[in-house]
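If you want our numbering, it's the 1-based position in the first sequence plus 93.
Here is the structure we will look at, set down as structure tokens.
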Amino acid sequence: MTGTSTEQGYDPTQVEAKWRARWAERGTNQPDLDKAERPFYNLMMFPYPSAEGLHVGNLFAFTGSDVFGRFQRLQGHDVFEPIGFDAFGIHSENYAIKIGVHPGELIPRNIVNFRRQLERIGGMFDWRHELATTDPAYYKWTQWLFLQLYRAGKAYKRPAAVNWCPFDKTVLANEQVIAGRCERCNTPVEQRILDQWFFRITDYAERLLQNLDRLDWSETTATAQRNWLGRSEGAEIAFELPAGGAIRVFTTRPDTLFGATFMVLAPEHPLVREITTGERRYDVEAYVRAAASRDLVSRKIGEEDKTGVFTGAYARNPATGEAIPVWIADYVLMEYGTGAIMAVPGHDERDFAFATLHGLPIVRVVAGAGEDAKTPLQEAYIDNIEGRLVNSGQFDGQPALEAKSAITRWLESRGAGKGVVQYRLHDWCISRQRYWGPPIPIIYCEACGTVPVPEKDLPVLLPNIPDFRPDDTGVSPLARHEEWYYVPCPQCGRRARRETDVSDTFLDSAWYFLRYPSTEFADRPFDPARTKKWLPVTTYIGGNEHAVLHLLYSRFICMALQDLGHLHFEEPFTRFRAHGLIIKDGAKMSKSKGNVVIPDDYIAKWGADTFRMYLMSLGPFQEGGDFRDAGISGPRRFLDKVWSLVGDAARCAPGEEIHRHIQVKWHQTKRKVTEDTAGLKYNTAIAAMMELLNTLREENCSSREIVRDLVIMIAPFAPHFAEECWERLGHHTSVFDAEWPSWDPDLVVEDEVEVVVQVNGKTRSRVRVPRDADESTVVAAAERDDAVQRFMAGKAVRKRVLVPNRLLNLVVQ
RNA sequence: GCUCGGGUGGCGAAACUGGUAAACGCAAGGGACUUAAAAUCCCUAGGGCUUUGGCCCUUGUGGGUUCGAUCCCCACCCCGAGCACCA
Numbered sequence: 094m095t096g097t098s099t100e101q102g103y104d105p106t107q108v109e110a111k112w113r114a115r116w117a118e119r120g121t122n123q124p125d126l127d128k129a130e131r132p133f134y135n136l137m138m139f140p141y142p143s144a145e146g147l148h149v150g151n152l153f154a155f156t157g158s159d160v161f162g163r164f165q166r167l168q169g170h171d172v173f174e175p176i177g178f179d180a181f182g183i184h185s186e187n188y189a190i191k192i193g194v195h196p197g198e199l200i201p202r203n204i205v206n207f208r209r210q211l212e213r214i215g216g217m218f219d220w221r222h223e224l225a226t227t228d229p230a231y232y233k234w235t236q237w238l239f240l241q242l243y244r245a246g247k248a249y250k251r252p253a254a255v256n257w258c259p260f261d262k263t264v265l266a267n268e269q270v271i272a273g274r275c276e277r278c279n280t281p282v283e284q285r286i287l288d289q290w291f292f293r294i295t296d297y298a299e300r301l302l303q304n305l306d307r308l309d310w311s312e313t314t315a316t317a318q319r320n321w322l323g324r325s326e327g328a329e330i331a332f333e334l335p336a337g338g339a340i341r342v343f344t345t346r347p348d349t350l351f352g353a354t355f356m357v358l359a360p361e362h363p364l365v366r367e368i369t370t371g372e373r374r375y376d377v378e379a380y381v382r383a384a385a386s387r388d389l390v391s392r393k394i395g396e397e398d399k400t401g402v403f404t405g406a407y408a409r410n411p412a413t414g415e416a417i418p419v420w421i422a423d424y425v426l427m428e429y430g431t432g433a434i435m436a437v438p439g440h441d442e443r444d445f446a447f448a449t450l451h452g453l454p455i456v457r458v459v460a461g462a463g464e465d466a467k468t469p470l471q472e473a474y475i476d477n478i479e480g481r482l483v484n485s486g487q488f489d490g491q492p493a494l495e496a497k498s499a500i501t502r503w504l505e506s507r508g509a510g511k512g513v514v515q516y517r518l519h520d521w522c523i524s525r526q527r528y529w530g531p532p533i534p535i536i537y538c539e540a541c542g543t544v545p546v547p548e549k550d551l552p553v554l555l556p557n558i559p560d561f562r563p564d565d566t567g568v569s570p571l572a573r574h575e576e577w578y579y580v581p582c583p584q585c586g587r588r589a590r591r592e593t594d595v596s597d598t599f600l601d602s603a604w605y606f607l608r609y610p611s612t613e614f615a616d617r618p619f620d621p622a623r624t625k626k627w628l629p630v631t632t633y634i635g636g637n638e639h640a641v642l643h644l645l646y647s648r649f650i651c652m653a654l655q656d657l658g659h660l661h662f663e664e665p666f667t668r669f670r671a672h673g674l675i676i677k678d679g680a681k682m683s684k685s686k687g688n689v690v691i692p693d694d695y696i697a698k699w700g701a702d703t704f705r706m707y708l709m710s711l712g713p714f715q716e717g718g719d720f721r722d723a724g725i726s727g728p729r730r731f732l733d734k735v736w737s738l739v740g741d742a743a744r745c746a747p748g749e750e751i752h753r754h755i756q757v758k759w760h761q762t763k764r765k766v767t768e769d770t771a772g773l774k775y776n777t778a779i780a781a782m783m784e785l786l787n788t789l790r791e792e793n794c795s796s797r798e799i800v801r802d803l804v805i806m807i808a809p810f811a812p813h814f815a816e817e818c819w820e821r822l823g824h825h826t827s828v829f830d831a832e833w834p835s836w837d838p839d840l841v842v843e844d845e846v847e848v849v850v851q852v853n854g855k856t857r858s859r860v861r862v863p864r865d866a867d868e869s870t871v872v873a874a875a876e877r878d879d880a881v882q883r884f885m886a887g888k889a890v891r892k893r894v895l896v897p898n899r900l901l902n903l904v905v906q
């Protein structure tokens, strides 16, 4: 194999610049959104335009999505691959504060850099449909979305706790609270109660859960959503108070009701004041105050001792009739269930710890194998659903599982309880007391109350104020901007005030995929015809860090929009695949770990195509890989060799005869590359192409037909390179308009196969036999083999196992 | 603590989801070409024995099922990600 050649070597810089220009000129990456016949919406999670630019981990994800889009295009689909920027939010704002540049100035600058990087890597993006969530033409519709939910009664305002840093005097997101302290200044964080806007996502909990079963999603992602939704079946039970009324609790273990020896209310529970007796008032109030000042995060960690105080009140256990003491403790959370529990210390770890610490009685009501009512409890006996009830009156002896429903029915018949379903999911708080987001389109009027901004007045523009820092009022900086803050009431015209909270970034990203196909329409968020043609998204690829919030919120928004008649579907992402992470020095790439690799220098040195191939060959796309720059020369050598092979093929006469075994390799490769690329197993698809190349070089074969197929198969991975090779093979159209190679099922198997011969499960030899040879033929061949004979040593064959075309195992003695 | 992933050569990884463990690539060693280097090309290569014919061992650890286990089952160890007092 001589690399002949008077021709030019492969120069990626030149080739890539040429094809970027030509794609732009020809509109290669711009499908006709109205006339497309086989629409395929290939979506990648849009990036947040950080000041650092895209790192290698980001480009791994973008490239993997682009490979898939280009592959689908070669399969004959009209692929729409849009891109945009998730540019609002606390990250941008905090960074802007840190370096003292206004986010309105910083973000456009970052976007320019992102655009440059994304173009350079060769993404098949349709830039005509680029969007940024910070663009008033976009957030006008984010605000519109809020109004639709508000009108439908799905948005409401209520007091809720936020994390508050008393030093920085600002509201913090949960992620900014590290071990109960502010991530920036290390000051202990407190909680503050503010009036905030919520979306009623909990109304959709059951649908969000049910639909998961029919979505083609990564199983890990679906599982994460199931866990987050947290469906529990149980009972709501009333414990009567002597003075009238009752404390209602939720439990998943009604079968342990007879073991409820005390009750605990969350400190915020509305009944606390009412039931506390005079002599306990001081202790209880002190405890409530202390709980209120604790930050939200450490409250939920649960490592500390289980503090609490007795209210002095008693309630009646509906099963035993006994009066049991009512305590308050911060291990009970107001946001879950009813904010009150029946404590069963015998069968709940937390209740056990609390009872031990405060000297409360512990009763066994479930006995496992070899235990009875009197077996002492050293710790809470939890995994007891296989056990039988004891100390439980008429239910003694029943299996715990049966007793669950039996006791629930018994309570129902006496009006003391009922079976209910609970979710962990909370309503979505969309209020942010910050500057850098879309203002929530609400006006407060003394006369008319809460008035939504009329749709004709949208967008409510985010004013460009120089001091965008949060201050110690706990209110958004927008409140300081008077000519913005005060507006005439849309209903009565009197002076009114604007809502100063902006909405959560997750709201921006919960609908951006609806906007992409319709970016040119100024008068509607998403055009009905376009939406009908392109949505739901065919394939969505993104990071598993968004497995829960972003994907769940997007699903909720689509459900709500469908219910309101705006959409024809309720699940936005037909297929979702989570990409893996790129590891460097044993850790995920992140700025805080200091192991971020900036791709620009690699691309400049090796070319985008080599870099793409390298990233895709690191490991399975859905698992990620380990970045070591040493390996990048491999893919480059591959492309160099293909380059020279294309030169040979261009000179080679068409229709050259091809040996059978090369044909087999060729067709096997087509099958493997097709299947593996479709399954996102890019690393093995690339390996298969390398094998084919090695075979062609060993056999000194430069068949035009084979090289042509190879170039098409390389195209999703190395698009500029493939275009250039395609042209050198004499084509005048884009390689992406070519047809993906098909394989002949008769040509993927050799006529003669090698069958492994094992004796007692150990490989001893291999014999060549015709394909699909029957057992007697294979056995005969094996028995003629010297090595096999040696290991058989005249012993009788007790059993033969034949795996056709693969293996024969002879079991002797 | 809980829920998902995952542990295979010097390194990244592959193995039709029970059938030749280590494909493909990187790094390495030897050779060819060259005044030289780079590039390129050819050869070697999991470990250990060896009488040079081969033989034995090897997929985190220990058991099990099977003619046969990287793959299935049980117990344990380690790494990564997410959730975290959810009653």
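Each residue gets a CB set at the ideal place from its N, CA and C atoms; glycine is no exception.
Sub-7 Å separation of residue i and residue j beta-carbons
i: H35; j: V841; result: Only positions 94 to 906 of the chain appear in the structure, and residue 35 is not among them; the question remains open.
i: A154; j: H672; result: yes
i: A496; j: L518; result: no
i: V846; j: R859; result: no
i: P132; j: W819; result: no
i: L242; j: F292; result: yes
i: F173; j: P809; result: no
Coil, strand or helix - residue i by DSSP
i: F133; result: strand
i: T97; result: Low confidence applies here, because T97 scores a pLDDT of 38, under 50, leaving its location unreliable and the question unanswered by this model.
i: Q851; result: strand
i: R668; result: strand
i: V757; result: helix
i: R801; result: helix
i: A746; result: coil
i: E333; result: strand
i: T468; result: coil
CA-to-CA distance, residue j to residue i, given in whole angstroms
i: A359; j: W257; result: 21 Å
i: K765; j: E843; result: 16 Å
i: N304; j: G169; result: 30 Å
i: L786; j: T632; result: 31 Å
i: V402; j: R373; result: 9 Å
i: R588; j: A572; result: 15 Å
i: R502; j: Q655; result: 37 Å
i: R891; j: H754; result: 37 Å
i: A873; j: M783; result: 37 Å
i: L901; j: S710; result: 35 Å
i: I214; j: L152; result: 8 Å
i: C585; j: A540; result: 8 Å
Inter-residue CB distance, residue i and residue j (contact presumed, cutoff 8 Å)
i: R457; j: N484; result: 6 Å
i: I434; j: V357; result: 5 Å
i: D719; j: I676; result: 5 Å
i: A379; j: T400; result: About 11 Å separates the two Cβ atoms, so there is no contact after all.
i: C857; j: V881; result: Note that residue 857 corresponds to Arg in the displayed sequence, not to Cys. At roughly 6 Å, the Cβ-Cβ gap stays under 8 Å, so R857 and V881 are in contact.
i: G567; j: R285; result: 6 Å
Cutoff 7 Å; reference residue i; Cβ partners in own chain excluding five residues on either side
i: G96; result: A caution first: G96 carries a pLDDT of 38, below 50, which makes its placement in the model unreliable, though a value can still be read off. The residues are S737.
i: F207; result: P140, P142, G146, L147 and F178
i: F239; result: A248, I533, P534 and S596
Nonlocal neighbours in the same chain, by C-beta distance under 8 Å from residue i, ignoring five residues either side
i: G658; result: none
i: S835; result: K763
i: E442; result: E472, A473 and I475
i: I691; result: E145, G146, H148 and V149
Close-in-space but distant-in-sequence residues of the same chain around residue i (CB under 6 Å, 5 per side omitted)
i: W57; result: Look at the range of the chain in this structure, 94 to 906, and you will see that residue 57 is not part of it.
i: A412; result: L350 and F351
i: M94; result: For M94, the pLDDT reaches just 34, beneath the cut-off of 50, and the residue's location in the model is therefore unreliable, although a value from the coordinates is still provided. Closer than 6 Å at Cβ, skipping near neighbours: R790 and N793.
i: L607; result: F619
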